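Encoded as structure tokens, the structure appears first; notes follow it.
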Amino acid sequence: MNRLSFKEVMDAEYKFIFEYFDSPLSFISVSKKRNYFFYYIDDDSFFVSELKKKDFEILNETKNLKKFMDYLVNLDKVNIINFNFDNDEVQYLTLEQADFEVERFLPKTNKIIDYDYNLEIEIPYDYDYSRYLEFPLEVEDITLRVYDNVNSHSYNFDIIDSAMKYVKKSFDSIKKAAITADNIINQNLMVSPFTTGSFKLNFLISDNDSLLADKIDFFPILNVIDEVTVSNRELNLELIDEELGIELIQNIDELYSIVKHEGVSIAFYGNENLDSELVKIAPNSLIDNNLDVFKEKISERNQLIVTHTELDVPNSRFISGSVIYNSVKIDIDETTQIAKFESGLFRRIKDGTQHLTLDKKITLKITIETSRDINNNLVKEVFIINSFNYL
0 MNRLSFKEVM DAEYKFIFEY FDSPLSFISV SKKRNYFFYY IDDDSFFVSE LKKKDFEILN
60 ETKNLKKFMD YLVNLDKVNI INFNFDNDEV QYLTLEQADF EVERFLPKTN KIIDYDYNLE
120 IEIPYDYDYS RYLEFPLEVE DITLRVYDNV NSHSYNFDII DSAMKYVKKS FDSIKKAAIT
180 ADNIINQNLM VSPFTTGSFK LNFLISDNDS LLADKIDFFP ILNVIDEVTV SNRELNLELI
240 DEELGIELIQ NIDELYSIVK HEGVSIAFYG NENLDSELVK IAPNSLIDNN LDVFKEKISE
300 RNQLIVTHTE LDVPNSRFIS GSVIYNSVKI DIDETTQIAK FESGLFRRIK DGTQHLTLDK
360 KITLKITIET SRDINNNLVK EVFIINSFNY L
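Following numbering that gives the first Met the number 0, the residues of the sequence shown are numbered contiguously, the last one being 390.
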């Protein structure tokens with residue numbers, strides 16, 4: 000399972016909410032084109048499972064949380080995610096590592112799923128969840144194929160060498176980004192034999208022999224290529240918010256220089272269906288422009304200026320909020336603003352030392368954390384509530 004960071008969980012988009020009490024208890028959310036199922040344990044913990052398209056066939060068939068969770072548990076697809084809201088961190092555990100009786104917190108009744116609290120609609124029995132979701136490209140194994148317009152029987156070694164190095168460097172970047180103190184990646188990049196009659200390279204990732212470790216795949220590579228070749232939508236510049244995205248953009252930029260010089264195209268296919276092209280990179284002015292935009296934004300990102308401004312708000316109110324996720328909407332001069340509590344204050348709210356009441360007049364002391372680029376354009380702004388008092 001691809002392990003989400005604290006920020007990725009907080010930013011994930013709800014797609015379906017099956018149970019709700021003050022906040023979603025069991026739901027499907029989407030982060031970076033991947034679908035995840037969460038099931039409530041307590042305010043700080045959930046069962047979590049990354050869902051593939053075939054998993055939704057089971058959900059469509061059963062419409063039953065208990066049967067669906069049993070199915071996921073039997074396939075060892077379920078982990079436990081613990082939230083540390085004070086430090087904006089998450090910890091992942093296998094079911095075997097849990098310090099409680101797991102069965103006590105799994106669904107116990109065969110209640111049919113018949114309502115979506117996200118869209119506030121009834122769910123008919125023939126409902127197909129996958130119709131309303133996107134699924135990432137099949138990325139367990141990939142095949143790289145080099146070809147040109149004259150059907151050459153041989154190629155300059157530089158293009159083959161560059162393609163090989165591109166996949167290897169990108170895999171190493173993905174692997175490095177996935178390694179944490181409690182997540183040891185021991186998967187290696189493998190190459191299957193060449194296909195007779197054409198120059199094709201089949202890349203595979205070895206099985207992970209550790210039950211405690213996360214698994215990685217080729218999705219980040221294909222996602223970046225898809226992004227730099229896009230023409231019908233705005234570029235997703237959030238790709239370079241993390242170091243992995245920056246490294247993959249730099250890798251594709253190096254490969255693309257050789258592709259243009261040699262006048263060839265490189266396509267990636269899923270090994271299960273070699274007739275289905277996943278992504279392709281070929282000389283194109285659009286790719287030149289898109290890469291230039293990414294490189295410019297990376298340069299600007301490396302020169303961000305972060306400032307802090309203290310603000311006293313004499314008349315405000317809490318409009319809505321989540322004590323679980325440390326997110327609250329406040330009214331500032333008749334404008335709704337999303338904010339978070341300073342860690343010490345948030346801890347007092349969670350343990351009941353300080354109480355949160357909605358729609359009551361308050362005064363606030365706020366720190367505004369502002370990030371700007373070298374041209375003084377606003378990149379990000381975070382409102383942090385340090386203290387509040389009711390009027």
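For each residue, glycine too, the CB sits at the ideal point set by N, CA and C. Here the structure is a predicted model, which means the values were calculated and not measured.
For residue i, which of the options has the nearest alpha-carbon?
| i | options | result |
| --- | --- | --- |
| D127 | S326, I286, F317 and N59 | N59 |
| E276 | N283, T356 and Y268 | Y268 |
| R33 | E12, F20 and V77 | E12 |
| R346 | S22, Y324, L71 and D358 | Y324 |
| N235 | K259, I297 and A266 | I297 |
| F99 | I79, P106 and Y131 | I79 |
| I122 | K62, G351, M0 and I348 | K62 |
| D372 | R300, V292 and I215 | R300 |
| Y389 | S315, Y91, F36 and K167 | S315 |
| N274 | V305, A281, R144 and S25 | First, the amino acid is wrong: residue 274 is Asp here, not Asn. Ranking V305, A281, R144 and S25 by Cα distance to D274 puts R144 first. |
| E295 | F20, D252 and I224 | D252 |
| I111 | L64, M68, I365 and E88 | L64 |
| E309 | V327, A281 and L363 | L363 |
| Y463 | Q90, S191, V190 and P106 | Lying before the first or after the last residue shown, residue 463 is absent from the chain, which here runs from 0 to 390. |
| L303 | L377, L24, I184 and Q186 | L377 |
| F26 | S129, D115, D291 and N283 | D115 |
| E155 | A176, V263, I184 and I204 | One point to set straight first is that residue 155 is Asn, not Glu, in the sequence displayed. If we check each option's Cα against that of N155, V263 comes out closest. |
| I183 | Y91, D332, A266 and S153 | Y91 |
| S132 | V190, Y35, S191 and S172 | The sequence shown places Leu at residue 132, not Ser. If we check each option's Cα against that of L132, Y35 comes out closest. |
| A281 | T334, A266 and H307 | A266 |
Confirm, please, whether the CB-CB distance from residue j to residue i is below 8 Å.
| i | j | result |
| --- | --- | --- |
| P219 | L247 | yes |
| T142 | K199 | yes |
| L165 | L254 | The sequence given here places Tyr at residue 165; Leu does not occur at that position. Contact: yes. |
| V322 | I348 | yes |
| F387 | I361 | yes |
| F20 | N117 | no |
| K168 | N250 | yes |
| E88 | F5 | yes |
| I383 | V312 | no |
| D287 | F202 | no |
| E341 | N374 | no |
| S319 | L344 | no |
| V424 | L221 | No answer is possible for residue 424: it lies beyond the span of the chain, which begins at 0 and ends at 390. |
| F134 | K52 | yes |
Do you know offhand how far residue i's Cα is from residue j's?
| i | j | result |
| --- | --- | --- |
| K379 | T369 | 6 Å |
| L94 | V101 | 7 Å |
| D75 | E49 | 11 Å |
| R2 | E226 | 22 Å |
| K339 | I329 | 10 Å |
| G196 | S151 | The predicted model places G196 with a pLDDT of 42, which falls under 50 and marks its position as unreliable, so this point remains unresolved. |
| A39 | F104 | It is Tyr, not Ala, that sits at residue 39 in the sequence shown. Answer to the nearest angstrom: the Cα atoms are 8 Å apart. |
| E7 | D113 | 28 Å |
| E119 | F17 | 10 Å |
| Y124 | S22 | 25 Å |
| F170 | I178 | 12 Å |
| F37 | S28 | 8 Å |
| K359 | F317 | 7 Å |
| D54 | K214 | 18 Å |
| V72 | D206 | 20 Å |
| V223 | L136 | 12 Å |
| M9 | N148 | 47 Å |
| K66 | V47 | 15 Å |
| I204 | D216 | 7 Å |
| L211 | G351 | Low per-residue confidence applies at L211: pLDDT is 49, beneath 50, and the placement is therefore not dependable enough to give any value. |
| L355 | I331 | 17 Å |
| M68 | E237 | 33 Å |
Under 8 Å between C-beta atoms, does residue i make it to chain D?
| i | result |
| --- | --- |
| T334 | Looking at the structure shown, chain D is missing, and only one protein chain is on hand. |
(request) List in chain order: all unbroken beta strand (DSSP E) runs of 3+ residues lying wholly within the segment 3-69. (result) 12-20, 22-30, 33-41 and 44-50
(request) Ignoring anything shorter than 3 residues or poking outside the segment 148-202, list the beta strand (DSSP E) runs there in chain order. (result) 188-191
(request) Scan the segment 306-381 and note each continuous alpha helix (DSSP H) run of 4 residues or more that stays entirely inside, going in chain order. (result) 342-349
(request) Please specify which runs of the beta strand (DSSP E), each continuous and at least 3 residues long, are wholly inside the segment 202-276, giving them in chain order. (result) 264-269
(request) Could you tell me whether the segment 37-54 touches the segment 80-89, using the rule of 3 or more Cβ pairs below 8 Å? (result) yes
(request) Answer yes if the segment 218-235 comes into contact with the segment 149-161, meaning at least three C-beta pairs across the two stretches below 8 Å, and no otherwise. (result) no
(request) Decide yes or no for the touch test of the segment 257-264 against the segment 237-246: beta carbon pairs closer than 8 Å, at least 3 of them. (result) no
(request) Any chance you could list the beta strand (DSSP E) runs of at least 3 consecutive residues sitting entirely within the segment 105-150, in chain order? (result) 141-146
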